[in-house]
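First up is the structure itself, then whatever we jot down about it.
Protein chains: 2
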Amino acid sequence: MDFQFIKPLLKEDAKGKIVMLVMDGLGGLPLTPEGWTELETAQTPNMDALAAKSSLGLHHSVPYGITPGSGQAHLGLFGYDPVKYEIGRGVLSALGVDFDLGPNDVAARGNFCTVDENGVITDRRAGRIPTEVGERLCNLLKEKVQLPGVELFLTPEKEYRFVFVLRAEGLSGDVSDTDPQAVGKKAHIATATSPAGEHTAELIRDFVRQGNEILKNEFPANSFVLRGFAGMPAWPKFPEVWGIKSLAIAMYPMYRGVSKVVGMTVMPPAESMADEITMLEQNWSDYDFFFVHIKKTDSYGEDGNFEGKVHIIEEVDALLPRILALNPDVLIITGDHSTPAKLKSHSWHPIPTMLYAKDARPDGITSFGERACIQGSLGSRFDATELMPMALALAGRLEKYGA
Amino acid sequence: MDFQFIKPLLKEDAKGKIVMLVMDGLGGLPLTPEGWTELETAQTPNMDALAAKSSLGLHHSVPYGITPGSGQAHLGLFGYDPVKYEIGRGVLSALGVDFDLGPNDVAARGNFCTVDENGVITDRRAGRIPTEVGERLCNLLKEKVQLPGVELFLTPEKEYRFVFVLRAEGLSGDVSDTDPQAVGKKAHIATATSPAGEHTAELIRDFVRQGNEILKNEFPANSFVLRGFAGMPAWPKFPEVWGIKSLAIAMYPMYRGVSKVVGMTVMPPAESMADEITMLEQNWSDYDFFFVHIKKTDSYGEDGNFEGKVHIIEEVDALLPRILALNPDVLIITGDHSTPAKLKSHSWHPIPTMLYAKDARPDGITSFGERACIQGSLGSRFDATELMPMALALAGRLEKYGA
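Those sequence lines, one after another, are chains A and B. Counting from 647, one number per residue, gives the positions in the first sequence under this note's numbering. Counting from 647, one number per residue, gives the positions in the second sequence under this note's numbering.
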């Protein structure tokens, strides 16, 4: 959807409310060809009843066959083609540690590593140093490096990983990686990839020089590499694009982060799924669009825990009456990508989707699952970016195109 | 799929093996509206059993409603949009006679024709001279024409048709046709369509001048016309595009040729379908992608022989256990286009497709046929170029896009 196309169609006085309930990694696979997927296995009486009143289908957010990361997949659900709206690695890393990335920031993903006397990388993970060592080294660098006129943030992640952020006016993410992503090579020298990146590249080279001097006796973490320099993208904002006051409710930093990138209001971290629904209830009158994110379906999928994933889906089903009691005009239930327990990883398989609305056209399907959704009216492989326009239409928020 | 998009996603150390089994002209039509298609009629217990473990759908390789040639349709299956990757008529003709077209060659399709005393074409097929006459005239021209510094090849096809090839450094296909494709007109004068074609155009004009002099007493084949000048296209190569060591197995020149154009390794002509499967078995450990082409489904379709086509499909079904015994990670069974016996020609109708893999998401469909595939998760009209990315994903050969 071209955002400029939809802009003149947005009704100014529209009131319809939309809930987008995303179970991360919802799509699954049967463990044997004769078996059922996680969603098909789960006892979901509430979702099944809702399916009978809904339009169903399966979506994908990136080209068919490609497996998306979570950040990219959520952009698709929000209506932003993730191939067109590229989000930098550094930004995703910063979002993942809940760093409050601002408009003057440039972020990168950092790895502590081991180098030999010639500066050649011998271990890209510095022997997987404990997280406490990573924390100490981040603090050491932050304390000792001098970059006049620039604020420096170093936030440890797990083990050898950290997030690097520079804050100042006039910075740019147009700088090449120092990380060669291979052992047996020296770190690259950070170089501007456009004139706008010259000053930032210089600052990074200065940081690298000072940092290596400070770490030289810290074997095995006696050096570091940086990659994915990027600033907050200046994209059209979700609330303006779709003309809807929008709230994001999520437990994990990445999902609050990507919601923030597109300009939604973001709630503080929820503590449980039930807590998320309570947040939804408490903020019901103040917003018109609610993104509610369920993480554990994906976590159990990644762990290969089929039963665990089934159980989370059943818990979400049990919470559904509380959402329906709010009487939303539109309720989307879907995932961002598939995370089949069978594969213990994200996959490219399309994601079952239910689009409920008072004015939805029911498909005559009475259960919610991968195979049921193939037969749905949304199609077995529609584009995730088509969800928002359909939801807005069903919420009575769009004018007719033409006379 | 943008090849540049997929390049960074290719796993370097991937091992998954893919077989693409193409029954040429597989798609069919029932002879009466109540009847079954060729594929639906065929007894295919092995394919039906595999369908239950597969994702199904129907593909097309060119815009909907358009009937593709075989070369174009195969490009689609290989992931090359045949509208974007135009292949010259001359190249297709050369491939069709198994001419080993090289990088310094320019090929064209030739017709012997009849002209009157003013050079006006009176018969574009020279009274359909016997093939032996065509052969004799090709040899005559090859022997007598003098083009210093240039190698000339003239390969007879059937009757009045031949393939014309010039070989030298610095040639170009940027030359206009001499064939006016109508009677009552003189042959056009070959003209460069870009500065790169100037030298080649001059050589062709010289060839035409000498050739007409040599043929002037050979009524009815007293002249000739040439069209579709083209060299081997400099396209991205299949093994690099998809990061997979690739082997083509086919009985007919055209299919080996189009495989060669995209850079696959090509086996010598097989002698039978069983022989093709033997070649697959013998080369199993040396390649990771295998294109296996079955010609006779199309031949019987073109002949209007419904039962013959049914029988070939059944023979292929009987060979399937030998392919499955190799334990491929992914097996695609499809056609390149439809050739319904009812129509005795290629048609635009979409082509039934089965995508089997250990990690395929089964669609709950237990037979392989046009109507069954409509209900499949790949959709009833997906783009042929999407097959390769899906196959690579299911073979575990693709990294995630994004974090």
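In this text, a Cβ means the ideal position worked out from N, Cα and C, and glycines have one as well.
In the three-state reduction of the DSSP assignment, residue 922 of chain A falls in the helix class. In this structure residue 832 of chain B is in contact with residue 765 of chain B, their Cβ atoms being roughly 5 Å apart against a cut-off of 8 Å. Going by beta carbons, residue 888 of chain A and residue 1034 of chain A fall inside the 7 Å limit. For residue 988 of chain A, the neighbours in chain B by C-beta distance under 8 Å run, in chain order, 1005.
Under DSSP, residue 797 of chain B takes part in a beta bridge, and its partners are B:813.
The shortest C-alpha to C-alpha distance from residue 996 of chain B to any of B:746, B:826, B:986 and B:868 is the one to B:986. For residue 757 of chain A, the enclosing beta strand (DSSP E) covers residues 751-761.
Within a 10 Å sphere around the beta-carbon of residue 728 of chain A sit 16 or more other beta-carbons, which makes this residue buried.
When DSSP states are grouped into helix, strand and coil, residue 980 of chain A belongs to the strand group. Against chain B, the CB of residue 717 of chain A has a partner CB under 7 Å away; the residue lies at that interface. Within chain A, the residues 1020 and 1021 have their CB atoms less than 8 Å from the CB of residue 1021 of chain B, given in chain order.
Shown here, residue 788 of chain B sits in a helix according to DSSP, grouped into three states.
Here residue 936 of chain B has 665, 893 and 926 as same chain residues with Cβ atoms under 6 Å from its own Cβ, once five neighbours each way along the sequence are excluded. At least one CB of chain B lies nearer than 7 Å to the CB of residue 1017 of chain A. For residue 747 of chain A, there is no enclosing beta strand (DSSP E), as DSSP gives it neither H nor E. Between residue 710 of chain A and chain B, the shortest Cβ-Cβ separation is below 7 Å.
Using a Cβ-Cβ cut-off of 7 Å, residue 713 of chain A counts as an interface residue toward chain B, since at least one Cβ of chain B sits closer than that to its own. The CB of residue 698 of chain B comes closer than 7 Å to the CB of 679 in chain A, given here in chain order. Collapsing the DSSP output to three states places residue 681 of chain A in coil. Taking C-beta separations shorter than 8 Å and ignoring five residues to either side along the sequence, the partners of residue 846 of chain B in its chain run 752, 812, 817, 818, 819, 820, 821, 838 and 875, following chain order. Interface annotation, residue 1035 of chain B: in contact with chain A, CB-CB separation under 7 Å. Bounds of the alpha helix (DSSP H) holding residue 904 of chain B are 899-907. DSSP places residue 1017 of chain A in the helix class (H, G or I) of the three-state scheme. Contact annotation, residue 872 of chain A with residue 824 of chain A: C-beta distance approximately 5 Å; criterion of less than 8 Å satisfied.
Listed along the chain, the chain A residues whose CB falls inside 7 Å of the CB of residue 843 of chain B amount to none; the nearest CB is some 37 Å away.
For residue 822 of chain A, no chain B residue has a C-beta closer than 7 Å to its own C-beta; the minimum C-beta separation is roughly 15 Å. Note on residue 855 of chain A: under 16 other CB atoms within 10 angstroms of its CB, so exposed under the neighbour-count rule. At least one beta carbon of chain A lies nearer than 7 Å to the beta carbon of residue 1048 of chain B.
The beta carbon of residue 1000 of chain B sits no closer than 7 Å to any beta carbon of chain A.
In the structure shown, residue 1029 of chain A adopts extended strand secondary structure according to DSSP, grouped into three states. The beta carbon of residue 889 of chain B does not come within 7 Å of any beta carbon belonging to chain A, so the residue lies off that interface. The beta carbon of residue 701 of chain A does not come within 7 Å of any beta carbon belonging to chain B, so the residue lies off that interface. With contacts defined by Cβ atoms closer than 7 Å, residue 754 of chain B and residue 810 of chain B form a contacting pair.
At least one C-beta of chain A is nearer than 7 Å to the C-beta of residue 1008 of chain B. Closest in alpha carbon position to residue 659 of chain A, among A:814, A:923, A:1042 and A:945, is A:1042. Of the residues assessed, residue 920 of chain A falls on the exposed side of the cut-off, its CB having fewer than 16 other CB atoms within 10 angstroms.
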